[in-house]
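First to last, the sequence lines map onto chains U and R. Just so you know, the first sequence maps onto residues 1 to 156 in UniProt numbering. Just so you know, the second sequence maps onto residues 1 to 156 in UniProt numbering.
Number of protein chains: 2
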Amino acid sequence: MAAEPVDKLEPRADVDRALLAALARDGRASYTELATQVGLSVSAVHQRVRRLEQRGVITGYGARLDPKAVGLPMVAFVAITPIDVAQPDDAPARLAHLTAIEACHSVAGPDSYMLKVRVASPDALEGLLAQIRSAANVTTRTTVVLSTFYEDRPPV
Amino acid sequence: MAAEPVDKLEPRADVDRALLAALARDGRASYTELATQVGLSVSAVHQRVRRLEQRGVITGYGARLDPKAVGLPMVAFVAITPIDVAQPDDAPARLAHLTAIEACHSVAGPDSYMLKVRVASPDALEGLLAQIRSAANVTTRTTVVLSTFYEDRPPV
DNA sequence: GGTGAAACCTAGCCGTG
DNA sequence: CACGGCTAGGTTTCACC
């Protein structure tokens, strides 16, 4: 299998990286601001950002919300393992409707998936775990988060 | 200790939640769009969003980047435990400079912290783990992510 | 790809109810 | 707390290089 180019920032990658870093920190930065930061004209910046969006490097823009302020102060990691090895393993699809599940990763190691969940209380976590077990026919191993020092730091 | 109101969305919480959901999905939505979605005037929406920002419910705006497209296709969870229990435990501060660490949580259970890291390759992960161990004087237990079904789903 | 200018639209701040 | 109007500034597209 031929090596696929993993980096889609060929021309003037430094400028594109600067734009991505700026937009990752402030997704509402105006093209005027970005232009002064990278030393290009407004329309050149606009063009590059549009390209980055079309290439899928920028997949969208979002507001960062304070989970505590919206009533979801509790976070936990839930490692899950299927009970019946014979059945098809479609746990991610079976769990997608549970909005308390913020992330779902397939992982190496003794467990099959790692979930990150966000709930209002220990009671809500208990209820969620029951729902996860019955919806996906899995056992759960939960690690409760006590405090978060940083989260979602931009990759650039 | 008196119970602190964890939910800062007192008046017309339904409208605020709709705004938060819309902004979480599209952080660049114009106030005109938001106004039609919630059925209020543009200036009313503008006012409410400013309030949500000032109350800290909205902590900022950011571009969502495709990690693979920026050359960081590999994710892992790293559970760390201090080696010397006598020393002060300031691991989060000692690790903050490592930009490959996307998140750092203090957790319950046998490990002290759970890190989420994002790197370019297995080699890069190996190097990062060495840096983590020497910078924070900890042992590491790493769970490699094989694939990600969803990630950073909005909490509203 | 980059530039600068023109047309359109929006953000941000009034005062009013 | 919501409304609508105003002005400055931003977004978007154009022909040109």
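We treat Cβ as the ideally placed atom computed from N, Cα and C, and that holds for glycine.
Distance, residue j Cα to residue i Cα
i, j, result
"PRO88(R)", "THR148(U)", "18 Å"
"ALA108(R)", "ARG12(U)", "45 Å"
"PRO154(R)", "HIS105(R)", "19 Å"
"SER43(U)", "ASP14(U)", "18 Å"
"SER121(U)", "MET74(U)", "6 Å"
"ALA24(U)", "ALA69(R)", "14 Å"
"ARG55(R)", "ALA86(U)", "51 Å"
"VAL145(U)", "TYR113(R)", "9 Å"
"ASP16(R)", "ARG28(U)", "20 Å"
"ASP123(R)", "GLY39(R)", "53 Å"
"LEU64(U)", "ARG133(R)", "It is worth fixing the name first, because residue 64(U) is Arg in this sequence and not Leu. Going from the Cα of ARG64(U) to the Cα of ARG133(R) covers about 31 Å."
"ASP152(R)", "GLY62(U)", "10 Å"
"ASP84(R)", "GLN131(R)", "17 Å"
"ALA3(R)", "VAL57(R)", "Low confidence applies to ALA3(R): its pLDDT is 47, below 50, so where it sits in the model is not reliable, and the reading given next is rough at best. ALA3(R) and VAL57(R): Cα-Cα distance of roughly 19 Å."
"GLY127(R)", "TYR150(U)", "21 Å"
"GLN37(R)", "SER30(R)", "11 Å"
"ALA76(U)", "THR99(U)", "14 Å"
"SER41(R)", "VAL138(R)", "55 Å"
Residues near residue i in its chain [Cβ-Cβ closer than 7 Å; skip 5 each side]
i, result
"LEU34(U)", "LEU19, ALA22 and VAL45"
"HIS97(R)", "none"
"VAL156(U)", "ARG17, LEU20, ALA21 and ALA24"
"THR59(U)", "none"
Own chain partners of residue i with C-beta closer than 6 Å, once the 5 adjacent residues on each side are dropped
i, result
"ALA136(U)", "ALA91, ARG94 and LEU95"
"THR115(R)", "Just to set this straight, residue 115(R) is Leu in the shown sequence, not Thr. So the qualifying residues of the chain are VAL78, ILE101 and CYS104."
"ASP111(R)", "ALA79 and THR81"
"ASP66(R)", "none"
"GLY71(R)", "ALA120"
Cβ neighbours of residue i in the same chain (closer than 8 Å, five flanking residues each side left out)
i, result
"LEU129(U)", "VAL78, THR140 and THR142"
"LEU125(U)", "MET74, ALA76, VAL117, VAL119, THR142 and VAL144"
"VAL49(R)", "LEU19, LEU23, TYR31, LEU34 and ILE58"
Chain U residues whose Cβ lies nearer than 8 Å to that of residue i
i, result
"THR139(R)", "Simply none; closest approach about 16 Å."
"ASP26(R)", "GLY60, TYR61 and GLY62"
"LEU146(R)", "HIS105, SER106, VAL107 and ALA108"
"ARG118(R)", "PRO155"
"LEU75(R)", "What sits at residue 75(R) in the sequence shown is Val, not Leu. HIS105, listed in chain order."
Interface residues of chain R facing residue i [CB-CB closer than 7 Å]
i, result
"THR143(U)", "VAL107, ALA108, GLY109 and MET114"
"GLN66(U)", "Residue identity check: residue 66(U) is Asp in the sequence provided, not Gln. GLY56, VAL57 and THR59, listed in chain order."
"PRO92(U)", "PHE149"
"LEU129(U)", "Chain R residues near LEU129(U): none, gap ~15 Å exceeds 7 Å."
"LEU23(U)", "ALA63"
Range of the contiguous alpha helix (DSSP H) that encloses residue i
i, result
"THR36(U)", "31-38"
"ALA93(U)", "91-95"
Limits of the beta strand (DSSP E) - the one that residue i falls within
i, result
"residue 161(R)", "A question about residue 161(R) goes unanswered here, because the residues of chain R that appear run from 1 up to 156."
"LEU146(R)", "138-150"
"ALA22(R)", "Note, ALA22(R): premise wrong, no beta strand (DSSP E); alpha helix (DSSP H) at 13-25."
"LEU52(U)", "Run containing LEU52(U): none in the beta strand (DSSP E); it sits in the alpha helix (DSSP H), 42-54."
"ARG119(U)", "Note on identity: in this sequence residue 119(U) is Val, with Arg being the wrong assignment. Run containing VAL119(U): 113-119, per the beta strand (DSSP E) assignment."
"THR81(U)", "74-82"
"ALA103(U)", "101-107"
Closer than 9 Å at the beta carbon, the chain R residues around residue i
i, result
"GLU102(U)", "TYR150, GLU151, ASP152, ARG153, PRO154 and PRO155"
"LEU20(U)", "ALA63, LEU65 and VAL70"
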